[in-house]
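Undergrad:
In the numbering used here, the protein residues as written are 13 to 502.
See below:
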């Protein structure tokens, strides 16, 4: 009985095997097709979501054209059009020519193009300082093609935010989102006018938050995205899936075009700057009066801390708000206004968001003990504001944006074991472009003196501007060369 049952089971099993194979063959394509259909449907939905956001936001994105007059001095040349004294080698060995003959002065119009976006129905527009900050005239092109002259409400070089206004009402506009709620990995959409191509839409994700020490602005807290951003996208919005602006597209990192590393100013920072510029036309920041340093791994134990969180006070300026509050060198700031302090850049940015006269609560660790202090913030000293403006003016007058060479940049551009500043963006027709500098060029020396940071470069150029030219030692990929650059008159 048992044997018959087993045999019977085997017989049915043998008879059922072909049927099972047939069933698998018939069912497999159905499930695969169903899965493919679901995937395609999901992609269609995502595409429609992007299209809907672009359709709603695009009317509020504008093109911006800024013009200014640039004055430069030139020198008459011989009949062949050449000036033997302009030769780089001649200058290298004999120095700059002090009394050139035939000096004349010329003027030219410099035109910059970028993007912006309307944030209120009555015509207020957010954009970048590097686009309109020094402009004499600003023209805004609306989505319907109309061109309108805009007024510069104010510009803040320290964050690269600017506000312009057009005399129009009932305009489509984009709301500002809470950039603090943004998460790494979220989808974002960039809209702008790269290379003059109006209302170009690109999509990507948030690659990182809180990027700083890039060299684009004094106060940096950038959102990094791989949404394609190119020249001309500057000033345009970075949108979340709700169609609200989480940032202002500002810069790219790389040797020129888009390489998937775009930077945007967070909307929370832009909102604060916008409100101040709208109210008074300028930005006033609180000043604590300290020098700071991040705690490196393993450093916390030397300050009797349980971990490496916080920033250490390295110096306290005499008579400053910090000194009056009782802050001392080697104090480790762990909390500001009830929130943890994560980095030097984070602390500096947060202090700057408060106006002079504001009382703030600061928690420090001193010899392992928690101490709560209250400080009344002062104003940024005039000398510091002038120095910062002068440095930015140097880059703008030469027509390029610079960044100190970092290990990451050096590895990507092939500049390992070198030091200097990298030209991240070069404006066509500018002194930098005329000299032969291009995006990705490494500048290592100014007048035979090494420059290891953007600040050192700016100081060296400022010191050489009396001669109205400087010799630069630069490197492009594997080639090192000397070139001359004309400098703005003092």
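Idealized CB from N, CA, C, for every residue including glycine.
Taking the alpha-carbon positions, what's the residue 281 to residue 238 distance?
TA: Answer to the nearest angstrom: the Cα atoms are 21 Å apart.
Undergrad: Hey, out of 350, 80, 362 and 211, whose CA is closest to residue 384's CA?
TA: With distances taken between Cα atoms, residue 384 lies closest to 350.
Undergrad: So, helix, strand or coil for residue 52, using DSSP?
TA: The answer is helix: DSSP assigns residue 52 an H, G or I state.
Undergrad: Assuming contact is defined by CB atoms lying nearer than 8 Å, are residue 375 and residue 346 in contact in what I supplied?
TA: Result yes, Cβ atoms of residue 375 and residue 346 sit closer than 8 Å.
Undergrad: Please give me, in chain order, every unbroken run of the beta strand (DSSP E) with length at least 3 that falls completely inside the region 317-364.
TA: The region 317-364 contains these whole beta strand (DSSP E) runs: 323-328 and 344-348.
Undergrad: Please work out which residues of its chain come closer than 6 Å, Cβ to Cβ, to residue 315, disregarding the five sequence neighbours upstream and downstream, and give them in chain order.
TA: Around residue 315: 344.
Undergrad: Output the boundary residues of the beta strand (DSSP E) element that contains residue 505.
TA: With the chain running from 13 to 502 in the structure shown, residue 505 is simply not present.
Undergrad: Can you tell me whether DSSP reads residue 494 as helix, strand or coil?
TA: Residue 494 falls in the strand class under three-state DSSP.
Undergrad: Tell me the rounded alpha-carbon separation between residue 27 and residue 59.
TA: With a pLDDT of 43 at residue 27, under the threshold of 50, the predicted position of this residue should be treated as unreliable, and no value is reported.
Undergrad: Go through its chain and collect everything with a Cβ distance to residue 34's Cβ below 7 Å, but skip five positions before and after it.
TA: Per-residue confidence for residue 34 stands at a pLDDT of 48, beneath the threshold of 50, marking its modelled position as unreliable; no derived number is given.
Undergrad: Which partner residues of residue 276 appear in the DSSP bridge assignment?
TA: DSSP, once it has assigned bridges, lists 235 and 261 as partnering residue 276.
Undergrad: Evaluate contact between the region 242-254 and the region 179-189, counting only Cβ atoms and requiring at least three cross-stretch pairs below 8 Å.
TA: The answer is yes - the region 179-189 touches the region 242-254, with three or more Cβ pairs under 8 Å.
Undergrad: Compute the Euclidean distance between the alpha carbons of residue 86 and residue 199, then round it to the nearest angstrom.
TA: Unreliable placement is indicated for residue 86, whose pLDDT of 42 sits below 50; no coordinate value is reported for it.
Undergrad: Mind checking whether residue 455 and residue 484 have CB atoms under 8 Å apart?
TA: Their beta carbons are under 8 Å apart, which means residue 455 touches residue 484 by this criterion.
Undergrad: Need the endpoints of the beta strand (DSSP E) that residue 306 sits in, please.
TA: Residues 302-306.
Undergrad: DSSP has residue 203 in a bridge; who is on the other side?
TA: Answer is 213, bridged to residue 203.
Undergrad: Would you mind stating whether residue 496 and residue 447 have Cβ atoms separated by less than 8 Å?
TA: Against a cut-off of 8 Å, the Cβ pair of residue 447 and residue 496 comes out as a contact.
Undergrad: Could you check which residue in 459, 300, 386 and 67 has the C-alpha nearest to that of residue 214?
TA: Cα-wise, what sits closest to residue 214 is 67.
Undergrad: So, for residue 10: in the same chain, excluding its five sequence neighbours on each side, which residues have a beta-carbon less than 6 Å away from its beta-carbon?
TA: Lying before the first or after the last residue shown, residue 10 is absent from the chain, which here runs from 13 to 502.
Undergrad: What is the C-beta distance between residue 132 and residue 211, in whole angstroms, given that I count them as a contact (C-beta under 8 Å)?
TA: About 20 Å separates the two Cβ atoms, so there is no contact after all.
Undergrad: Which residues in the same chain as residue 442 place their Cβ atom closer than 8 Å to its Cβ, once the five residues preceding and following it in sequence are excluded?
TA: Closer than 8 Å at Cβ, skipping near neighbours: 122, 410, 411 and 412.
Undergrad: Rounded to a whole number of angstroms, what is the C-alpha to C-alpha distance between residue 146 and residue 158?
TA: Cα to Cα, residue 146 sits roughly 24 Å from residue 158.
Undergrad: What residue range is occupied by the uninterrupted beta strand (DSSP E) comprising residue 162?
TA: Here the beta strand (DSSP E) through residue 162 covers 159-168.
Undergrad: If you compare alpha carbons, which of 75, 389 and 325 is closest to residue 367?
TA: The shortest Cα separation from residue 367 among 75, 389 and 325 belongs to 389.
Undergrad: With a threshold of 16 other CB atoms inside 10 Å of the CB of residue 4, please say whether the residue is buried or exposed.
TA: This structure cannot settle anything about residue 4, because the visible part of the chain is limited to 13 through 502.
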